[in-house]
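Below you'll find the structure, written out as structure tokens, and then a few comments.
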């Protein structure tokens, strides 16, 4: 993910990803339709608009997983996830994507959209419409009605932005005469949860593993770092960049995924961990992630819907009314947000009072 | 609050208040010290910096209450509240205030600061440092360390900003070797809670009461509107502006206050209700406020500390996992935020999907 010819002083890579997750509603008239019916060549053309490309592919019967030149893409029956770092422009592919989805899967209705990201370290390097969250919200509002933009955390520093659809609970309020809820008959509720751990100020010794100097293969970096032990049930597709940088996708038989992306340069180190593996408590998973990467600070986000076994896990983040720390990583901020079908928890941890 | 000579098209008044609440720590060495020892003349000079002035005064043995030309001020033993609307500049009085407090009350340590406001309808009319929340945060960070800025609600539309001190719970974590917590021995915990209901798009018939055309005295407006029935235990000091606009402070024997400010012009109607009266559930108080003013939408904020009887009332805002509406005012957004000594709930309600 780095260009070795860059002047070191001016060299910068924005590890922070833009994460786009879309859920489509299956039309009542059809039990068929699958996002994985979109031809590979069409996906490649789509990613050109984003300014990235496919570099590796893995799949099982539940999900297709792509390692990209800038992060990852996951395509399941009715869920599309595109996570891209650097100066990519994922929002620009949104309209073409909606066309492809209608054409090849027959889905015309977006059930959920989650567009999220941490604050960029260097926003001025981004391309339109990603230069500011306000620009991104304006862009998304030109496509979706009833969208809402949130800023969680310290708006001045380590914060995290989310754009999603507003509104009261469409699943539990079937009796409402809400014009948005015409199609509630056809909503399939499936358990869903997504954990992200977005880490900065990482241990340089750990980061040095993710360079071609230290490890000759991605598999070596995966094992030496302990990434393979975080969720051992995952079948891993990993990639080590030249001269440094690392990406991996993991898939489990039951359809769960994990994905890790590493920008190891000490001046702007960044690691993201994401999974939708169901857990009653994510404390152990988070602990393993922190033991592997040893960040100086991190943002934690957790989405859980009502069917998720992790439904009560916002409580995992606090104990009684006391903050729950991870070793010397102390919890500075906790926020909850009720979305229309999901509960969202946000927390920020750091080693020293910032 | 309005200038009758203004051209009607260009006439605008920003009803949205800037709310500054400061708590000072009593020094271990002294049991004396009281913010009410600051001479009136010094307070008047302070308010000149803010661009407003005292127009009415009431008090009991627990708190001094001032109606201002732009909203209200409350001074208690160690708590200072300044709420000002229009294009006032309350942050500019912060440093002079800290000097006055040290000089006359002997308090040198700020225990809590809460600076909050709804988004301005016309931010471009504000004066520095109030032109943007980022400017306000920068200004506050020049005075306080460990401050944090939050934006709750839809960052694009009806949102609410808060600046406060960051950090883990200073009261329950006395064992921490946190350099900020040197003086925890001396912390007095007293129950505290603050409810605000910030209403827009108000019923024009209700608003017309708060004009000199409809009511000849403030007392008449207070009674006709039903403001006097919201919290009947309050002794009311009310003021009706020429040609329109209304302010009131209410004080109860136990030291609780309430305050209401009304900008009645239909083009930019705004009403704020605030109280620290302790309630296990605020649902009934909120219902009364909504019945009096009939807003099209409102933001609700509730701060509760650990000693407050309202400690669990974030739960009042939702029922089970379902949103709790107020009649046709439906809950669109709910957020919680754990602050170092307070839990904060935010909710946004509106009549129609916005």
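Chains as they are written, first to last, in my numbering: chain A, 12 to 365; chain B, 12 to 365.
Every residue gets a Cβ at the ideal spot worked out from N, C-alpha and C, and that includes glycine.
Legend entry - Residues of the region 87-118 of chain A whose Cβ lies closer than 9 Å to any Cβ of chain B, in chain order: none
Inset, instruction - Count the other C-beta atoms from every protein chain shown that fall within 10 angstroms of the C-beta of residue 356/B, then say buried if there are 16 or more, exposed otherwise. - result: buried
Inset, instruction - Determine, using beta carbons only, whether residue 284/B and residue 208/B come nearer to each other than 7 Å. - result: yes
Legend entry - Limits of the alpha helix (DSSP H) - the one that residue 115/A falls within: 105-116
Inset, instruction - Evaluate residue 246/A with the Cβ neighbour count: other Cβ atoms within 10 Å of its Cβ, from every protein chain shown; 16 or more gives buried, anything less gives exposed. - result: exposed
Inset, instruction - Below 8 Å on the Cβ atoms is my guess for residue 212/B versus residue 129/B; work out the distance and round it to an integer in Å. - result: Not confirmed; about 13 Å, so no contact.
Legend entry - is_contact[residue 167/B, chain A] using C-beta, thresh 7 Å: yes
Inset, instruction - Enumerate in chain order the residues of its own chain whose CB-to-CB distance from residue 57/A is below 8 Å, with the five nearest sequence positions on each side excluded. - result: 104, 107, 108, 111
Inset, instruction - Determine whether the Cβ of residue 293/B lies closer than 7 Å to any Cβ atom of chain A. - result: no
Inset, instruction - Provide the residue span of the alpha helix (DSSP H) that contains residue 60/B, from first to last. - result: 51-61
Legend entry - Buried or exposed (CB count within 10 angstroms, at least 16 for buried), residue 349/A: buried
Legend entry - CB contact below 7 Å: residue 185/B versus chain A: Unreliable positioning characterises residue 185/B in this predicted model, as indicated by a pLDDT of 36, which lies under 50. The coordinate reading is nonetheless provided below. Taking Cβ atoms only, chain A never reaches closer than 7 Å to residue 185/B, which makes this a no.
Inset, instruction - For residue 296/A, I'd like the list of residues in its chain whose CB is within less than 8 Å of its CB, leaving aside the five on either flank, ordered along the chain. - result: 206, 241, 242, 286, 288, 290
Legend entry - Straight-line Cα distance separating residue 157/B from residue 148/A: 29 Å
Legend entry - Beta-carbon proximity of residue 88/B to residue 45/B, cut-off 7 Å: yes
Legend entry - Opposing strand residues paired with residue 247/B [DSSP bridges]: 261/B
Inset, instruction - Would you decide whether residue 271/A is buried or exposed? Buried here means 16 or more other CB atoms lie within 10 Å of its CB. - result: buried
Inset, instruction - Write down the C-beta distance between residue 201/B and residue 96/B rounded to the nearest angstrom, noting that I regard them as a contact closer than 8 Å. - result: That belief does not hold up - the Cβ atoms of residue 201/B and residue 96/B are roughly 29 Å apart, past 8 Å.
Inset, instruction - Look at residue 344/B and residue 164/B and say whether their C-beta atoms are less than 7 Å apart. - result: yes
Inset, instruction - Could you check how far apart the C-beta atoms of residue 301/A and residue 337/A are, in whole angstroms? I think they sit under 8 Å. - result: 6 Å
Inset, instruction - Assign residue 271/B to one of three DSSP states: helix, strand, or coil. - result: strand
Legend entry - Cross-chain neighbours of residue 347/B in chain A, by beta carbon under 7 Å: 346, 347
Legend entry - Where the region 150-164 of chain A meets chain B: residues whose CB sits under 7 Å from a CB there: 157, 159, 160, 161, 162
Inset, instruction - List the residues of chain B whose Cβ lies closer than 7 Å to the Cβ of residue 320/A, in chain order. - result: Here the premise fails: no neighbours, minimum Cβ distance about 15 Å.
Legend entry - Length-filtered (4 minimum) alpha helix (DSSP H) runs lying within the region 212-244 of chain A: 215-218, 229-236, 238-241
Legend entry - Candidates 75/A, 73/A, 92/A, 136/A, of which the one nearest residue 21/A by Cα: 136/A
Inset, instruction - Could you tell me whether any Cβ in chain A is nearer than 7 Å to the Cβ of residue 246/B? - result: no
Inset, instruction - Can you pull the chain B residues whose beta carbon is under 8 Å from the beta carbon of residue 148/A, in chain order? - result: 166, 167
Inset, instruction - Note down, in chain order, each residue of its chain lying with its Cβ closer than 7 Å to the Cβ of residue 27/A, except the 5 sequence neighbours on either side. - result: 96, 128, 129, 131, 132, 281
Inset, instruction - From the DSSP output, in three-state form, read off residue 86/B for me. - result: strand
Legend entry - Where residue 299/B falls: helix, strand or coil (DSSP): helix
Legend entry - C-alpha distance - residue 126/A paired with residue 177/B, whole-angstrom precision: 27 Å
Legend entry - From 75/A, 62/A, 23/A, residue whose alpha carbon lies closest to that of residue 266/A: 75/A
Inset, instruction - Specify the secondary structure class of residue 348/A as computed by DSSP and reduced to three states. - result: strand
Inset, instruction - Please work out which residues of its chain come closer than 8 Å, Cβ to Cβ, to residue 113/A, disregarding the five sequence neighbours upstream and downstream, and give them in chain order. - result: 119
Inset, instruction - Please name the residue or residues paired with residue 173/A in a DSSP beta bridge. - result: 127/A, 161/A
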